[in-house]
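Working notes, structure below.
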Amino acid sequence: MAPAAHGARDVAIVAFGQSDHRRSTDELSEVELLMPVLHEVLAATGLKTGDIGFTCSGSSDYLAGRAFSFTMALDGVGAWPPISESHVEMDGAWALYEAWVKLQTGECDTALVYSYGKSSPGSVRDVLTRQLDPYYVAPLWPDSVALAALQARALIDAGDTDEPALAGVAARSRTAARTNPHAQLRGSVPHGDYVVRPLRTGDCPPVGDGAAAVVLAAGERARELCERPAWIRGIDHRIEAHSLGVRDLTDSASTRLAAERAGAFERPVDTAELHAPFTSQEVVLRKALRLDERVTVNPSGGALAANPVMAAGLIRLGEAAARIHRGASERALAHATSGPCLQQNLVAVLEGDPR
Amino acid sequence: MTEVLSAPLVVEFPFTRSLGPVQSAFLTGLRERTVLGVRTGDGKVLVPPVEYDPATAEELRDLVEVAPTGTVTTWAWNHEPRCGQPLDTPFAWVLVRLDGADTALLHALDAPGPDSVRTGLRVRVRWAAERTGAITDIACFEPYEGEVTEPQAAPHEGEFAGEAVTGIVAHARLDYTYSPGRAQSQYIHALSGRKVVGERCPSCRKVYVPPRGACPTCGVATTEQVEVGPRGTVTTFCIVNIKAKNLDIEVPYVYAHIALDGADLALHARIAGIPYDQVRMGLRVEPVWDDSSKDSRYPDHYRPTGEPDADYDTYKELI
Chain A
3 MAPAAHGARD
13 VAIVAFGQSD
23 HRRSTDELSE
33 VELLMPVLHE
43 VLAATGLKTG
53 DIGFTCSGSS
63 DYLAGRAFSF
73 TMALDGVGAW
83 PPISESHVEM
93 DGAWALYEAW
103 VKLQTGECDT
113 ALVYSYGKSS
123 PGSVRDVLTR
133 QLDPYYVAPL
143 WPDSVALAAL
153 QARALIDAGD
163 TDEPALAGVA
173 ARSRTAARTN
183 PHAQLRGSVP
193 HGDYVVRPLR
203 TGDCPPVGDG
213 AAAVVLAAGE
223 RARELCERPA
233 WIRGIDHRIE
243 AHSLGVRDLT
253 DSASTRLAAE
263 RAGAFERPVD
273 TAELHAPFTS
283 QEVVLRKALR
293 LDERVTVNPS
303 GGALAANPVM
313 AAGLIRLGEA
323 AARIHRGASE
333 RALAHATSGP
343 CLQQNLVAVL
353 EGDPR
Chain B
102 MTEVLSAPLV
112 VEFPFTRSLG
122 PVQSAFLTGL
132 RERTVLGVRT
142 GDGKVLVPPV
152 EYDPATAEEL
162 RDLVEVAPTG
172 TVTTWAWNHE
182 PRCGQPLDTP
192 FAWVLVRLDG
202 ADTALLHALD
212 APGPDSVRTG
222 LRVRVRWAAE
232 RTGAITDIAC
242 FEPYEGEVTE
252 PQAAPHEGEF
262 AGEAVTGIVA
272 HARLDYTYSP
282 GRAQSQYIHA
292 LSGRKVVGER
302 CPSCRKVYVP
312 PRGACPTCGV
322 ATTEQVEVGP
332 RGTVTTFCIV
342 NIKAKNLDIE
352 VPYVYAHIAL
362 DGADLALHAR
372 IAGIPYDQVR
382 MGLRVEPVWD
392 DSSKDSRYPD
402 HYRPTGEPDA
412 DYDTYKELI
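In order, the protein sequence lines correspond to chains A and B. Sequence positions in the first sequence follow the working numbering and run 3 to 357. Sequence positions in the second sequence follow the working numbering and run 102 to 420.
This is the structure:
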C-alpha cells in the first residue's frame with residue numbers, strides 16, 4: 003500500500019450512517035434524531051462507546067435556537083466514564099478533520115465523528131445571516147439564497163453557465179437521488195419560480211433536519227473493522243476573505259488549493275461528492291476541481307437532494323466512503339463547504355485497497 | 102404516542118461591538134455622507150475598508166475618499182424582501198464597485214424591476230435621512246445616469262466634524278418554533294396531570310428525571326416510563342441571597358437538588374415552608390402545586406413532609 007499523502011498514519015473511514023432527511027422532525031429532540039445513526043455506525047464496526055478513542059462533533063446552536071444542544075447530544079454517545087471529546091461549531095466535515103489530526107498524533111486508533119442539524123424550528127435563510135461580517139453585512143440581513151444568487155448571476159455574466167444549465171444540474175441531482183433512500187427531494191422536482199433571481203426553487207436545497215456519523219480508524223485497526231476501508235489519502239481545508247466584494251465569485255481558489263494539497267490532481271478520481279447547496283455552486287466546484295464528464299458527480303443527489311445544515315458536508319465524505327466500501331469506487335473526491343458563496347472549502351481524497 | 106409539544110421561541114440580542122480605527126472612520130464618514138476606502142500596500146483601494154489586508158494581513162491605515170457613484174458588478178432580484186433587509190419593496194441585491202475603488206460593496210438597489218438592472222449599471226448612493234454611523238446610513242443605491250467622474254481616490258485624514266463613531270449596536274432577532282421532542286413532551290404532559298414521570302435506561306436500569314430520551318452513561322434510548330415521587334430527599338442545597346431580575350421570590354431562599362423517590366437523578370427546585378437556615382441534606386420534601394394557575398406545569402416549590410430525615414447512605418450516590 004502506498005503511504006498516505008500527508009501524515010505518518012494511514013487513516014480510513016470504516017463506517018458511515020445517516021438519518022432519513024426530512025422537512026421537520028418535531029417529534030425528535032436532537033439526541034433522539036442522532037442516536038439511531040450513532041448506533042448504526044457502532045453496530046457496523048462492532049465497537050462500543052468505550053472502545054472509541056476520540057469523539058468529535060459538528061453542529062450549530064443557532065439553527066434550532068437551542069443553547070448548548072451539543073452537550074445534550076452527548077447523551078447519545080454515553081459519555082460516562084468521561085471520554086476524550088471535542089466539538090466544532092461547523093459542519094461535521096471539519097469535525098472529521100479534527101479527528102483525522104487526532105489520529106495522526108497517534109493518541110488513538112479510532113474516532114467517532116457525528117453531526118446533526120435541525121433547520122425546521124427556525125428560518126435557516128435568516129439564521130445564516132448571523133455568520134456574516136457584523137459591521138458591514140449582517141445589518142442588511144442578506145439571506146443565504148440572495149448571496150448564492152449574486153454568485154449565480156456573476157457566473158451567468160461570465161458565460162460559465164445559464165439558467166437551463168442550472169436546471170440541468172438540479173434535475174440530474176434529484177434523479178440520482180432516486181436510489182438514495184435517505185434523500186428528502188428525489189425524482190422529478192419542478193424547477194419552480196424565482197426565489198431570488200436568477201435562482202429558482204429548484205436551484206436551492208431543500209430545508210430539513212438530519213444527522214450523520216462516521217467511524218475513522220488507523221492502520222490495521224481499519225482493516226479489522228471494515229472489509230474495504232476508504233483510506234483518506236489526503237485532506238485539507240482552505241478559507242477565503244470574508245468580504246464578498248473582494249472575492250472572484252466565479253472561481254474557488256480555496257477549493258483548488260485544498261484539492262492540490264489533498265493530492266486530488268495527482269490521479270483522476272472516478273467519483274466526486276460535492277457539497278454544493280445551490281446548482282450554481284456545482285459549476286464553480288467542477289471548474290476548480292477540473293472534473294470532466296468521466297467523473298460521476300454526486301451519485302447520492304448531493305445537497306440539492308438533502309441539506310441538513312452542519313451535516314451535509316460530512317455526508318459527502320460518508321457517501322464517497324460508502325461507495326468505496328461497497329466496491330463502486332476506487333478513488334473518490336469528497337468536498338465540504340462552509341460560509342457564504344463557498345467561502346471555506348475542505349477536500350479529501352479517498353481510496354480503496356487495490357483489488 | 103402523545104402529542105408533541107411546541108411553543109414560540111424568540112432569540113433576541115443586541116451585540117455591542119467596538120470598531121477599529123478604519124471601521125470607525127468609514128462609519129463616521131457614512132454619517133457625514135462620505136465614503137472612505139483604504140489603500141493596500143500594492144495600491145488597491147478596498148471599499149468597504151478593513152483593518153488588515155485580506156491578502157497579506159498587513160495593517161492598513163491609508164484612508165482615501167471614493168465617489169458615491171459606481172458600477173454594479175453582480176446583482177440578484179429580490180421580489181420578496183425579508184425582515185430587516187434595506188427596502189421593504191422589491192429590490193436588487195447588488196455588489197457595487199464605487200468609482201475609485203477596486204473592490205465591491207454589498208447593498209440594495211432600488212429599481213423598478215429586474216428588467217431595469219444589469220451588470221455594469223451605473224448607480225449612486227441614496228443616503229438615509231437619519232444617519233448614525235452604520236452601514237444602513239446608505240439607505241440603498243439608485244440608478245444614476247450622470248457623468249462618469251474621473252475615478253480617483255484622494256487621501257483622507259478620516260476626521261470629521263462631530264464625534265467619531267467608535268462602536269455599533271447590532272440588533273438581532275431570530276424566531277423559532279421550539280419542540281422538545283418525544284421524551285420531554287411526555288414528561289411535560291405528565292406534569293400537567295401533576296405526575297412526575299421519568300424514563301428507565303434498559304441497560305443500567307437507572308431512572309432519569311427529567312428524561313431527555315437517552316441514557317448519558319450508556320448512550321441508548323430510554324423508553325420505559327416510570328412514575329417517581331411525589332416525595333423526595335434534599336441531596337444538597339444552596340441559599341440564594343441575590344434577588345433575580347423579574348423574580349417575585351423574596352431572598353434569602355433555598356434552591357435544592359431533590360432526589361425524588363424512585364429516581365436516579367436529582368432535579369432542582371425551590372424549598373419553602375421552612376426557615377431557610379433549617380434546610381439540610383436528607384430533608385424529606387413534597388411538591389406544592391400552584392392551585393391559582395391552571396397552566397402551572399411545574400410544582401411551585403417543595404416543602405417538608407415532616408418525616409424523619411433520610412439516612413445519608415440512601416442518597417449519597419445521587420449527590
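Beta carbons are placed, not taken as given, at the ideal position from N, Cα and C, and that holds for glycine. Quick caveat, the model's predicted, so the values are computed rather than measured.
* Taking Cβ-Cβ distances shorter than 8 Å, what residues in chain A pair up with B:Arg183? -> In the second sequence, the residue the question calls residue 183 of chain B occupies position 82. For a Cβ distance threshold of 8 Å, residue set Arg127, Asp128, Trp143 and Asp145 of chain A lies close to B:Arg183, ordered along the chain.
* To do: Determine the burial state of A:Cys206: buried for a count of at least 16 other Cβ atoms within 10 Å of its Cβ, exposed for fewer.
  => Counting from 1 along the first sequence, the entry for residue 206 of chain A is found at position 204. With a 10 Å radius around the Cβ and a threshold of 16 neighbouring Cβ atoms, A:Cys206 comes out buried.
* Asked: Residues in the region 5-30 of chain A with C-beta within 9 Å of chain B's C-beta atoms, listed in sequence order?
  -> So the list reads Ser26, Thr27, Asp28, Glu29 and Leu30, given in the order they occur along the chain.
* Asked: Using a C-beta cutoff of 7 Å, does A:Thr298 count as contacting chain B?
  -> Position 296 of the first sequence, counting from 1, holds the residue named residue 298 of chain A. Not one chain B Cβ lies under 7 Å of A:Thr298.
* Please name the residues in the region 329-358 of chain B whose beta-carbon is closer than 9 Å to at least one beta-carbon of chain A, in chain order. => Against chain A - using a Cβ distance shorter than 9 Å - the region 329-358 of chain B contributes no residues.
* **Neighbour flag for B:Gly201 against chain A, beta carbons, 7 Å** => Here residue 201 of chain B refers to the residue found at position 100 of the second sequence. Chain A, which has no Cβ nearer than 7 Å to the Cβ of B:Gly201, makes this no.
* Report yes if the C-beta distance between B:Asn342 and B:Pro353 is below 7 Å; otherwise report no. => By one-based count along the second sequence, residue 342 of chain B stands at place 241. By one-based count along the second sequence, residue 353 of chain B stands at place 252. Contact flag set, yes.
* chain B contact residues for A:Arg225, given Cβ-Cβ distances below 9 Å -> Residue numbering aside, residue 225 of chain A sits at position 223 when the first sequence is read from its first letter. Those do not exist, as A:Arg225 stays about 26 Å from chain B at its closest Cβ, beyond 9 Å.
* Who are B:Val341's beta bridge partners in DSSP? -> Mapped onto the second sequence, residue 341 of chain B falls at position 240. DSSP lists B:Tyr354 as partners of B:Val341.
* alpha helix (DSSP H) segments (min. 4 residues) lying fully within the region 312-346 of chain A -> Fully enclosed alpha helix (DSSP H) runs of 4 or longer: 314-327.
* Over the uninterrupted beta strand (DSSP E) stretch that includes B:His275, give me the two end residues. => Position 174 of the second sequence, counting from 1, holds the residue named residue 275 of chain B. Checking the sequence, you will find Leu at residue 275 of chain B rather than His. Counting along the chain, the beta strand (DSSP E) containing B:Leu275 begins and ends at Gly268 to Tyr279.
* Asked: Checking contacts by CB at 7 Å: is B:Trp176 closer than that to chain D?
  -> Absence of chain D from the displayed structure is noted, the protein chains being A and B.
* From what residue to what residue does the alpha helix (DSSP H) around B:Leu206 run? -> Your numbering for residue 206 of chain B matches position 105 in the second sequence. First-last for B:Leu206: Leu206 to Leu210, but that is the beta strand (DSSP E), not the alpha helix (DSSP H).
* To do: Identify the continuous beta strand (DSSP E) that holds A:His239 and give its terminal residues.
  => By one-based count along the first sequence, residue 239 of chain A stands at place 237. Ala232 to Ile241 is the span of the beta strand (DSSP E), which, as asked, contains A:His239.
* Thinking C-beta only, is A:Phe56 closer than 7 Å to A:Ala113? -> What you label residue 113 of chain A is simply residue 111 of the first sequence in a count that begins at 1. What you label residue 56 of chain A is simply residue 54 of the first sequence in a count that begins at 1. The answer is yes: Cβ separation under 7 Å.
* Hey, how far is the Cα of A:Gly341 from the Cα of A:Asn300? -> As a working mapping, residue 341 of chain A is identified with position 339 in the first sequence. As a working mapping, residue 300 of chain A is identified with position 298 in the first sequence. A direct Cα-to-Cα measurement between A:Gly341 and A:Asn300 gives close to 21 Å.
* Opening and closing residue of the beta strand (DSSP E) in which A:Tyr118 lies -> Counting from one through the first sequence, the residue named residue 118 of chain A turns up at place 116. In the DSSP assignment, A:Tyr118 falls within the beta strand (DSSP E) that extends over Thr112 to Lys120.
* How many angstroms separate the CA atom of A:Gln283 from the CA atom of B:Val308? -> On the first sequence, position 281 is the one that residue 283 of chain A refers to. On the second sequence, position 207 is the one that residue 308 of chain B refers to. Cα-Cα distance, rounded: 49 Å.
* To do: Give the single residue among A:Asp63, A:Val198 and A:Ala140 whose Cα lies nearest to the Cα of B:Gly214.
  => Within the second sequence, residue 214 of chain B is the residue found at index 113, counting from 1. Shortest Cα-Cα distance from B:Gly214 to any of A:Asp63, A:Val198 and A:Ala140 involves A:Val198.
* To do: Look up B:Trp194 in the DSSP assignment and say whether it is helix, strand or coil.
  => Position 93 of the second sequence, counted from the first residue, corresponds to residue 194 of chain B. B:Trp194 sits in a strand when the DSSP states are folded into three classes.
* Would DSSP call A:His244 helix, strand or coil? -> In the first sequence, counting from the first residue as 1, residue 244 of chain A sits at position 242. Here A:His244 sits in coil by DSSP.
* Determine whether the Cβ of A:Val33 lies closer than 7 Å to any Cβ atom of chain B. => Position 31 of the first sequence, counted from the first residue, corresponds to residue 33 of chain A. Closer than 7 Å to some Cβ of chain B, the Cβ of A:Val33 qualifies, so yes.
* Asked: Does the pairing of the region 74-83 of chain A with the region 269-283 of chain B give three or more beta-carbon distances under 8 Å?
  -> No: fewer than three Cβ pairs fall under 8 Å.
* Asked: Which two residues bound the contiguous alpha helix (DSSP H) that contains A:Trp96?
  -> The residue labelled residue 96 of chain A in the question sits at position 94 within the first sequence. Unbroken alpha helix (DSSP H) run through A:Trp96: Gly94 to Gln106.
* Could you list which residues in chain A have their beta carbon closer than 7 Å to that of B:Val315, in chain order? => The residue given as residue 315 of chain B occupies position 214 in the second sequence. Looking at the sequence shown, residue 315 of chain B is not Val but Ala. Those are Val33, Met37, Asp77 and Gly78, listed as they occur along chain A.
* Asked: Excluding five sequence neighbours on each side, which residues of the same chain lie with their C-beta closer than 6 Å to the C-beta of A:Arg288?
  -> Position 286 of the first sequence, counted from the start, is the residue given in the question as residue 288 of chain A. In its chain, beyond the 5 residues on either side, no residue has a beta carbon closer than 6 Å to the beta carbon of A:Arg288.
* Do B:Leu188 and B:Cys241 have their C-beta atoms within less than 7 Å of each other? -> The residue you call residue 188 of chain B lines up with position 87 of the second sequence. The residue you call residue 241 of chain B lines up with position 140 of the second sequence. Yes, Cβ-Cβ distance for B:Leu188 and B:Cys241 is below 7 Å.
* To do: Assign A:Val147 to one of three DSSP states: helix, strand, or coil.
  => For this step, residue 147 of chain A is matched to residue 145 along the first sequence. Helix.
* To do: Apply the 10 Å Cβ neighbour rule to A:Lys50 and answer buried if 16 or more other Cβ atoms are within range, or exposed otherwise.
  => As a first step, residue 50 of chain A must be located in the first sequence, where it is residue number 48. Only exposed fits A:Lys50, as fewer than 16 other CB atoms lie within 10 angstroms of its CB.
* Asked: According to the Cβ coordinates, are A:Ile237 and A:Trp102 closer than 7 Å?
  -> The residue you call residue 237 of chain A lines up with position 235 of the first sequence. The residue you call residue 102 of chain A lines up with position 100 of the first sequence. Yes, the pair counts as a contact, with Cβ atoms nearer than the cut-off.
* Asked: Ends of the beta strand (DSSP E) at A:Ser88?
  -> Reading the first sequence from its first residue, position 86 is the one you call residue 88 of chain A. A:Ser88 -> beta strand (DSSP E) spans Glu87 to Val90.
* To do: Counting only the same chain and skipping the five closest in sequence on each side, list residues whose C-beta sits under 8 Å from that of A:Arg292.
  => Sequence index remark: in the first sequence, residue 292 of chain A carries index 290 (1-based). Taking A:Arg292 as the centre and dropping the five residues before and after it, the same chain places the C-beta of Phe267 closer than 8 Å to its C-beta, in chain order.
* B:Asp349 classed as buried or exposed, judged by whether at least 16 other C-beta atoms fall within 10 angstroms -> Counting from one through the second sequence, the residue named residue 349 of chain B turns up at place 248. By the Cβ neighbour-count rule, B:Asp349 is exposed, with fewer than 16 other Cβ atoms within 10 Å of its own.
* Taking Cβ-Cβ distances shorter than 8 Å, what residues in chain A pair up with B:Tyr277? -> Looking up residue 277 of chain B in the second sequence gives position 176. Under the 8 Å cutoff, chain A gives Ala66, Gly67, Pro123 and Gly124.
* Shortest alpha-carbon distance to A:Gly108 belongs to which of A:Val13, A:Thr281, A:Arg240 and A:Pro310? -> For this step, residue 108 of chain A is matched to residue 106 along the first sequence. For the set A:Val13, A:Thr281, A:Arg240 and A:Pro310, the Cα lying nearest the Cα of A:Gly108 is the one of A:Val13.
* **Whole-angstrom distance between B:Arg162 and B:Gly259, CA atom to CA atom** => On the second sequence, position 158 is the one that residue 259 of chain B refers to. On the second sequence, position 61 is the one that residue 162 of chain B refers to. Distance between the alpha carbons of B:Gly259 and B:Arg162 is about 10 Å.
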